[in-house]
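K.L.:
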Amino acid sequence: DELAADLEFLMRAALKVNTIREDLGKVGPVIATQVEEAMLGRRVRLDTTAAERDAEPVRRLLKFERQLREQIAKLHEQLQETRRDLKLEPGRVQTVVQIALALAGQPPLRATTINGLAAFHVPSLTGSWAACGEGLAHPHTGVPRPIVFDHTLVDGRDDVVLAHLNHRLVAMALRLLRAEVWAAGGRGKLHRVTARIVPNDALELPALVGHARLLVLGADHQRLHEELIIAGGQLREGRFARLNLTETQRALAAATDRPVPAAMQERLAAQWPKHQDALLTALEARMRERAASLEKQLGERREKEVADITAILSELQRAIATELDEPAISQLMLPDFSDTEREQLARNRDSLRARLAQIPGEIAGETAAIRARYANPSPRLFPVAVTFLVPERLTY
Numbered sequence: 274d275e276l277a278a279d280l281e282f283l284m285r286a287a288l289k290v291n292t293i294r295e296d297l298g299k300v301g302p303v304i305a306t307q308v309e310e311a312m313l314g315r316r317v318r319l320d321t322t323a324a325e326r327d328a329e330p331v332r333r334l335l336k337f338e339r340q341l342r343e344q345i346a347k348l349h350e351q352l353q354e355t356r357r358d359l360k361l362e363p364g365r366v367q368t369v370v371q372i373a374l375a376l377a378g379q380p381p382l383r384a385t386t387i388n389g390l391a392a393f394h395v396p397s398l399t400g401s402w403a404a405c406g407e408g409l410a411h412p413h414t415g416v417p418r419p420i421v422f423d424h425t426l427v428d429g430r431d432d433v434v435l436a437h438l439n440h441r442l443v444a445m446a447l448r449l450l451r452a453e454v455w456a457a458g459g460r461g462k463l464h465r466v467t468a469r470i471v472p473n474d475a476l477e478l479p480a481l482v483g484h485a486r487l488l489v490l491g492a493d494h495q496r497l498h499e500e501l502i503i504a505g506g507q508l509r510e511g512r513f514a515r516l517n518l519t520e521t522q523r524a525l526a527a528a529t530d531r532p533v534p535a536a537m538q539e540r541l542a543a544q545w546p547k548h549q550d551a552l553l554t555a556l557e558a559r560m561r562e563r564a565a566s567l568e569k570q571l572g573e574r575r576e577k578e579v580a581d582i583t584a585i586l587s588e589l590q591r592a593i594a595t596e597l598d599e600p601a602i603s604q605l606m607l608p609d610f611s612d613t614e615r616e617q618l619a620r621n622r623d624s625l626r627a628r629l630a631q632i633p634g635e636i637a638g639e640t641a642a643i644r645a646r647y648a649n650p651s652p653r654l655f656p657v658a659v660t661f662l663v664p665e666r667l668t669y
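According to the working numbering, the residues represented by the sequence shown are 274 to 669, in order.
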């Protein structure tokens, strides 16, 4: 019977250890002592209440750290998804910088290799671009370091600098290209029409593709969504025959960088007035299709924002209520404390009660504002550029 009792006690101790494993640093010694007492016949019940209470702050901290890690992992996955959606590959960012430097009349990046890594030296830039060289000097040697556009290449090394999207050089390049795209009256240096050759198996006839900016505004005229859309069609017997989205994407993906002969460029330019209205109609149709498909996504984002603000304010509400109910507060009312301290405590608690009373109305107001912002989303279309695609056999 004594052996059975000891085994039962040890089983309860093992179960207790398993359930509070994270806090074993505090509870472990208590359990060890009580197990020893039980084996000597001086204890029949396992009591870790006091130790668990002392370990509660540690448990809360560990829970917070675990939730923080989970949130960081979710944000990282969201970042990766955004990079894929926006096609923010290192090569594309490099191309943007090279084109912007050329448009600004600045010298180009110089390709180099450092310790087996392909990188780029930033040349001496002039004017406002000169500031792009700040931060390139090595902190110890003072020697200017080359840049890379891939964040995976800079881990554990300080001999190169990452040119990320917020780096001054990349930010200025993006700002310049954006300004060139929307420059009015032919003042821009960036051409908005191009002609490219595609393999013969990609298209049977020349095609015309339009690129446009889709902007979705909320009821308060704030931006809810923005993206670039495309629409196109083949030029068949003098008319515009619209391609579906998959066909258009496939044709663009097959385009090469080889220039179209000048004679073909002239023929395509002569056809543009005849087909521009049809292309605009195709872009508007694509805008409506995309806006309709975004309704569910915007609705999900609206509900997530509502849930997030509700959770934040509700957590604040619980924290204030817990603070007001904290038994330790009453200890501050002991005679050892001065009247000034008691008055300050009373004022603080009154402020907390007032804030607590405001939160339900604040939740209602914030959620109503979010729902109003997403009500009746309105799409807007801004044509950006035109691409002619010509099968290779038609360029001979």
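Ideal Cβ placement from N, Cα and C applies to all residues, glycine included.
Give me, in chain order, the residues of the same chain whose beta-carbon lies closer than 8 Å to that of Val-421; leave out the 5 immediate sequence neighbours on both sides.
P.N.:
Answer for Val-421: Pro-363, Leu-390, Ala-391, Ala-392, Phe-393, Val-427, Val-433, Val-434, Leu-435 and Ala-436, listed in chain order.
K.L.:
Starting from Ser-651, trace the beta strand (DSSP E) in both directions and tell me its first and last residue.
P.N.:
Element bounds for Ser-651: 651-664.
K.L.:
Pull the bridge partners of Gln-507 from the DSSP assignment, please.
P.N.:
Partner(s): Ala-480 and Ala-514.
K.L.:
When we look at the beta-carbon of Arg-418 and count the other beta-carbons within 10 Å, is it buried (16 or more) or exposed?
P.N.:
Buried, by the Cβ-count rule.
K.L.:
Can you tell me the Cα-Cα spacing of Ala-492 and Ala-637, whole angstroms?
P.N.:
Going by the C-alpha atoms only, they are around 18 Å apart.
K.L.:
The alpha helix (DSSP H) with Thr-640 in it runs from where to where?
P.N.:
Its alpha helix (DSSP H) spans residues 612-646.
K.L.:
From what residue to what residue does the alpha helix (DSSP H) around Leu-556 run?
P.N.:
That run of the alpha helix (DSSP H) goes 535-597.
K.L.:
Return yes when the Cβ of Gly-505 is within less than 7 Å of the Cβ of Val-482, no when it is not.
P.N.:
Against a cut-off of 7 Å, the Cβ pair of Gly-505 and Val-482 comes out as a contact.
K.L.:
Please confirm if the stretch 583-600 is in contact with the stretch 617-628, defined as three or more CB-CB distances below 8 Å between the two stretches.
P.N.:
Yes, the stretch 583-600 touches the stretch 617-628.
K.L.:
For Thr-660 versus Thr-519, is the C-beta distance shorter than 7 Å?
P.N.:
Taking 7 Å as the Cβ cut-off, Thr-660 and Thr-519 do not qualify as a contacting pair.
K.L.:
Compute the distance between the beta-carbons of Pro-534 and Thr-668, then report whether it is under 7 Å.
P.N.:
Contact flag set, yes.
K.L.:
Looking at Arg-563: is its Cβ nearer than 7 Å to the Cβ of Ile-502?
P.N.:
Contact flag set, yes.
K.L.:
Just mark Leu-341 as buried or exposed, buried being the case when its beta carbon has 16 or more other beta carbons within 10 Å.
P.N.:
Exposed is the call here.
K.L.:
Quick check for students: name the residue ranges of the beta strand (DSSP E) that lie wholly in the stretch 442-479, counting only runs of 3 or more.
P.N.:
Here the runs fully enclosed are 466-471.
K.L.:
CA-CA distance, Ala-565 and Lys-547?
P.N.:
Those two C-alpha atoms are separated by around 29 Å.
K.L.:
Nearest to Leu-553 by alpha carbon, out of Gln-507, Gln-570, His-484 and Arg-496?
P.N.:
The candidate whose alpha carbon is nearest that of Leu-553 is His-484.
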